[in-house]
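Each protein sequence line maps, in turn, to chains A and B. Under numbering that gives the first Met the number 0, think of the first position of the first sequence as 0, with each following residue one higher. Under numbering that gives the first Met the number 0, think of the first position of the second sequence as 0, with each following residue one higher. See structure below.
Number of protein chains: 2
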Amino acid sequence: MPNVVEIIPLGGIGEFGMNCTLLRFGDEMLVLDAGMGFPEESAYGVDVCIPDFEILEQYRNDITAIILTHGHEDHLGALPYVLKRINVPVYASHFTLGLAESKLDEHGLLGDVLLHRVEPRDVVTIGSFTIEFIRASHSLVDCFHLAIKTPVGTIVHTGDYKVDETPVIGEPIDLRTLRRYGQEGVLALLSDSTNATVPGRTPSERAVIPAFEEIFAEAQGRIIVAAFASSIHRLQIVFDVAQQFDRKVCVLGRSMQKNVEIADRLGYLDIHDGLLVGINETKMMPANEVVFLVTGSQAEPRAALYQMATQVYKGITIEETDTVVLSARIIPGNERGISKLIGFMYKRGANIIEEKRRLIHVSGHASQEDIRIMTEAVRPKFVVPIHGEYRMLFRHKEFVKNHLGIPEHRIVLIENGDVLELDGERAAVVDKKEAKRIFIDETGFEEIEYETVRERKKMAYEGIVTLVLTVNHESGQLETAPQIIANGVRGIDAQNGIIKSAQSAVAEAFGRASKAQLEDPTLLKEYLRLELKRFIQARTGARPVITPVLQRI
Amino acid sequence: MPNVVEIIPLGGIGEFGMNCTLLRFGDEMLVLDAGMGFPEESAYGVDVCIPDFEILEQYRNDITAIILTHGHEDHLGALPYVLKRINVPVYASHFTLGLAESKLDEHGLLGDVLLHRVEPRDVVTIGSFTIEFIRASHSLVDCFHLAIKTPVGTIVHTGDYKVDETPVIGEPIDLRTLRRYGQEGVLALLSDSTNATVPGRTPSERAVIPAFEEIFAEAQGRIIVAAFASSIHRLQIVFDVAQQFDRKVCVLGRSMQKNVEIADRLGYLDIHDGLLVGINETKMMPANEVVFLVTGSQAEPRAALYQMATQVYKGITIEETDTVVLSARIIPGNERGISKLIGFMYKRGANIIEEKRRLIHVSGHASQEDIRIMTEAVRPKFVVPIHGEYRMLFRHKEFVKNHLGIPEHRIVLIENGDVLELDGERAAVVDKKEAKRIFIDETGFEEIEYETVRERKKMAYEGIVTLVLTVNHESGQLETAPQIIANGVRGIDAQNGIIKSAQSAVAEAFGRASKAQLEDPTLLKEYLRLELKRFIQARTGARPVITPVLQRI
């Protein structure tokens with residue numbers, strides 16, 4: 000028998016999103032979470048990325064299950080892609096599976112996979128692993144911490160969490176069970192670092208209620224609340240406060256409608272009969288009896304809020320008497336877009352309630368004092384910060400070292416692809432696998448090749464010129480003037496004659512080509528590519544991608 | 000004689016940057032500031048934009064001078080482009096002209112323009128305008144507010160400012176003179192809105208000294224301070240604290256070296272003899288005697304800090320014993336990049352002092368209580384918020400309305416291109432000019448056409464396919480198979496045979512072309528473009544740009 004466990008993160012370390020960790024003992028392996036990420040390459044047509052699951056092939060016969068901590072896209076979104084490779088049972092909560100089923104259905108996988116519904120405190124044994132699902136608190140409902148007993152020791156994986164004693168929906172975090180594991184002895188705590196730079200405690204989901212009550216009391220006209228569709232506690236608060244102030248709620252935006260439907264059907268939302276109304280009903284109602292609960296808090300151009308702010312969304316447009324509540328954090332990278340969106344709405348005279356001005360949003364992630372509570376409950380031998388950019392992981396380390404007195408050698412910083420080996424006494428990175436990411440086109444669930452994105456970046460930066468040479472296969476001479484097609488190249492347009500002179504320059508260069516070049520298409524194309532490149536740079540300063548094409552007729 | 004003045008902002012309203020405002024009385028016009036902006040299109044090879052100065056052509060004979068409030072790029076950067084169109088005298092401070100000269104020199108304009116150096120309290124009469132230059136406080140030195148007497152009334156333009164009674168360099172803001180104008184009567188206050196969302200007072204430039212002293216006292220190894228090269232007060236603090244702690248300073252990065260050189264030469268910086276050292280000297284010195292003052296606080300990949308953090312910059316690389324001080328705010332849009340950069344430096348074990356953790360950066364712009372002080376000093380008939388996105392302009396309006404009791408009709412929100420007419424009693428937008436922006440390629444100071452950037456965006460999003468048809472001019476038939484060249488298109492590669500079948504599909508479609516299409520190249524190209532588009536979309540789901548080319552031989 001081996002006396003080690005291995006922890007191999009495939010994503011979520013040194014980045015936000017793509018959370019996925021492998022846990023291995025002997026020839027058995029669990030996949031913990033399977034999340035997608037949102038890459039910086041969105042300017043190049045890439046909205047989503049996932050870990051490269053090619054690595055799973057080598058463990059194909061070892062993988063026994065996929066365990067999901069909760070249903071956010073950065074923990075669940077890559078599930079179909081894993082299952083397409085390796086069809087093993089999935090263990091997750093009621094609500095997480097509700098979201099998973101909807102996703103698997105989109106991928107045509109729903110009938111083909113085994114989904115195990117587990118409850119908090121359920122204990123499941125899968126080979127050498129015994130997993131207890133422990134109630135976590137987070138911005139989503141029905142989330143788990145995992146306590147995984149292995150022959151080498153117990154691994155606790157926090158998933159995403161904060162310490163919320165008073166969530167809106169369901170029971171609070173189960174610190175009691177975490178403490179029980181702490182007393183029994185925990186080998187390693189894999190712990191959420193998202194908010195490790197934030198001092199203090201993260202407020203309870205309930206903390207935003209007073210501000211919502213004030214806003215509803217003040218508003219004279221319609222109220223429009225933009226929130227993350229997955230913030231189920233927040234949605235419940237909007238429903239409750241609307242009920243309290245005799246307003247009806249109209250849910251708008253595809254993901255918002257989907258999540259409300261799933262959460263309602265599974266019994267997580269408590270929506271009074273008659274509270275929900277359709278868009279057409281709202282048009283007959285007095286303005287002060289309506290709430291719109293909408294997508295688009297990140298200023299996504301196709302989402303409901305942006306459409307209402309800039310034009311008309313299903314007959315609704317933002318007006319002077321509206322109160323707009325932006326009940327969400329700004330995801331880094333979206334600052335400019337959101338500020339612009341707010342500007343549009345101010346221009347229409349609406350009353351805008353921004354996060355930061357009133358307590359209308361709280362984070363779902365553990366701040367430093369939450370991390371203290373978690374770490375002191377679990378009392379792990381090793382702390383392994385996960386979920387976050389390096390900056391957060393290092394600040395997590397710094398906090399537990401300086402404020403909890405955990406010695407440096409018991410805090411382990413790893414990277415995606417690292418094979419972290421734990422033998423009960425010692426933690427060491429013993430190997431490094433390649434941990435790549437794969438770009439996905441969300442419309443067709445298709446992979447976008449790296450090379451494709453690289454080409455797009457190059458073209459986006461300086462444009463592209465295609466050079467077509469048509470050569471007579473008998474005479475070896477140009478059959479017609481070289482064709483030069485420029486796209487996105489500065490300084491070149493149909494009028495300014497540069498294309499014409501470039502054609503002459505290429506034709507002349509062709510005339511000067513050596514015998515070797517004339518005989519070898521590769522040499523000839525490269526020679527003329529460089530000639531054209533030099534010409535364009537000299538004439539315009541531009542340095543576009545140049546693609547030469549040679550056809551013989 | 001007319002009894003109105005017109006205010007026409009060309010930039011800086013509803014956006015950050017490109018600050019430029021025209022002030023007109025009769026047939027006389029002043030240009031107030033000429034700034035560049037930093038567009039969101041940086042993913043498409045565009046780093047800089049300027050207002051479209053085409054509009055100045057219609058006022059060609061009226062423009063009498065350009066007045067600069069200060070030397071930041073968003074107020075000064077477009078100066079060469081204005082002067083290339085209309086060569087009029089420029090009025091600015093000693094230091095602003097120092098920066099302007101360097102810029103005009105790069106554009107080869109230095110000998111050809113008239114630069115008037117003015118001092119605080121100088122009063123200059125230009126035709127019907129009498130301009131007093133009033134000392135402002137800001138993160139840069141030698142900045143002005145402008146009080147411009149016109150026959151209709153006095154216009155006060157704040158430029159960028161905060162109310163700093165204890166700047167590091169030079170005298171504090173001249174509130175006395177502003178109050179004098181307030182007592183005499185001010186028609187309109189054009190007022191900086193950058194920080195209008197921020198409650199309270201903006202701290203003095205001096206406020207960061209204690210944190211720097213603590214950091215220098217604690218650091219055992221080298222200290223690396225990253226700051227904006229234009230934050231001259233900040234640079235002075237670094238020099239002073241270095242001197243105090245017996246460290247030498249090595250200035251790294253092109254813009255940092257340039258600004259230190261200019262500020263030192265013009266007497267704005269007070270640098271002790273022997274304080275500055277070259278990079279090679281630092282390599283001989285003990286680590287605890289060195290400070291590097293570097294560019295790259297925004298994680299610009301080519302700047303000194305990024306290079307030191309990720310590889311080697313002039314022999315320097317960030318090490319475990321280094322202390323790195325990020326003494327700058329995060330410009331919106333740069334969050335992800337900066338967080339990554341910080342992660343790289345943590346990975347190298349350095350001690351990173353981030354803004355927000357210690358008071359190592361203060362803003363140069365007026366917060367709400369600064370706005371109160373300014374507005375109460377100037378007591379304008381009309382408040383015109385400028386400099387900022389709409390969100391800031393509206394919050395500025397809201398603040399002076401709700402907290403200073405200025406009635407709504409005396410707060411005028413305008414947009415770029417608006418012609419705001421003031422007749423002494425009434426403010427009204429009477430006309431709207433087209434206010435466009437022009438993209439500039441900074442390497443060659445060349446304009447990049449809108450159409451070019453639009454093409455780049457389209458290609459970046461889904462790639463491009465070029466279709467080359469070679470038709471025999473006698474037979475009207477294809478001379479060879481259509482050439483299809485794909486760049487950045489997902490699902491198409493050299494191996495998978497899609498290009499080959501696309502060629503057949505286009506050839507077949509050509510065979511089905513109507514007589515009209517065969518006779519009209521435009522019709523034929525459009526017909527085959529659509530055929531190819533449909534084919535690619537059906538086979539791959541991709542929707543690239545398709546450029547058809549038809550050559551007859």
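No residue lacks a Cβ here, since even glycine has one placed at the ideal position from N, Cα and C. Computed from a predicted structure; not experimentally measured.
- Under DSSP, I315 of chain A forms a beta bridge with A:Y312.
- Counting the other Cβ atoms within 10 Å of the Cβ of N401 of chain A gives fewer than 16, which makes it exposed.
- For R134 of chain B, the secondary structure class from DSSP, reduced to helix, strand or coil, is strand.
- Per DSSP, V382 of chain B lies in no alpha helix (DSSP H); the unbroken beta strand (DSSP E) holding it starts and ends at P379 to I385.
- Minimum Cα-Cα distance from E450 of chain B among the listed residues B:G76, B:E461 and B:R436 corresponds to B:R436.
- The alpha-carbon of K355 of chain B is positioned some 44 Å away from that of I463 of chain B.
- With a 10 Å radius around the Cβ and a threshold of 16 neighbouring Cβ atoms, Q297 of chain A comes out buried.
- In the DSSP assignment, P547 of chain B forms a beta bridge with B:L466.
- The distance from the Cβ of Q242 of chain B to that of L274 of chain B is about 6 Å, consistent with a contact at the 8 Å cut-off.
- Put simply, the CB of N486 of chain B is near chain A, with a gap under 9 Å to one of its CB atoms.
- DSSP places L529 of chain B in the helix class (H, G or I) of the three-state scheme.
- For D430 of chain A, there is no enclosing alpha helix (DSSP H); the enclosing beta strand (DSSP E) covers residues A426 to K431.
- Linking I172 of chain A to F132 of chain A through their CA atoms gives a straight-line distance of about 12 Å.
- The beta carbon of R347 of chain B lies closer than 6 Å to those of I317 in the same chain, with the five residues before and after it left out.
- With a contact defined as Cβ atoms closer than 8 Å, P379 of chain B and L188 of chain B qualify at about 4 Å.
- Using a CB distance cut-off of 9 Å, I463 of chain B counts as an interface residue toward chain A.
- Taking 9 Å as the cut-off, the beta carbon of E40 of chain A is found closer than this to the beta carbon of F438 of chain A.
- Put simply, of A:R205, A:K83 and A:I49 the residue whose alpha carbon is nearest the alpha carbon of S136 of chain A is A:R205.
- Rounded to whole angstroms, the Cβ separation of N60 of chain B and G34 of chain B is 24 Å, and the two are not in contact under 8 Å.
- Within chain A, the residues placing a beta-carbon under 8 Å from that of G13 of chain B are G342, ordered along the chain.
- Rounded to the nearest whole angstrom, the CA to CA distance from L29 of chain A to R455 of chain A is 37 Å.
- When rounded, the separation of the alpha-carbon atoms in D492 of chain A and F534 of chain A is 15 Å.
- Looking at the DSSP output, F24 of chain A sits in a beta bridge with A:V4 and A:E27.
- Chain A places no beta carbon closer than 9 Å to that of M307 of chain B, leaving this residue out of the contacts.
- For V470 of chain B and G387 of chain B, the gap between their C-alpha atoms comes out near 56 Å.
- The beta carbon of P79 of chain A does not come within 9 Å of any beta carbon belonging to chain B, so the residue lies off that interface.
- Counting only Cβ-Cβ distances below 9 Å, P331 of chain B has contacts in chain A at E334, R335 and S338, in chain order.
- Contacts with chain B at 9 Å (Cβ-Cβ) do not include V382 of chain A.
- Residue contact with chain A for M17 of chain B: absent (no Cβ-Cβ distance below 9 Å to any residue of chain A).
- Minimum Cα-Cα distance from I49 of chain A among the listed residues A:D121, A:E441 and A:L517 corresponds to A:E441.
- By the 16-neighbour rule on beta-carbons within 10 angstroms, H472 of chain A is exposed.
- Under the three-state reduction of DSSP output, E446 of chain B falls in the strand class.
- Under the Cβ criterion of 9 Å, L325 of chain A is not counted among the residues facing chain B.
- For G540 of chain A, the chain B residues whose Cβ falls inside 8 Å of its Cβ are D440, T442, G443 and E445, in order along the chain.
- Sixteen is the threshold: when 16 or more other Cβ atoms of the shown chains lie within 10 Å of the Cβ of N194 of chain A, as they do, the residue is buried.
- Taking P1 of chain A as the centre and dropping the five residues before and after it, the same chain places the C-beta of G25 closer than 6 Å to its C-beta, in chain order.
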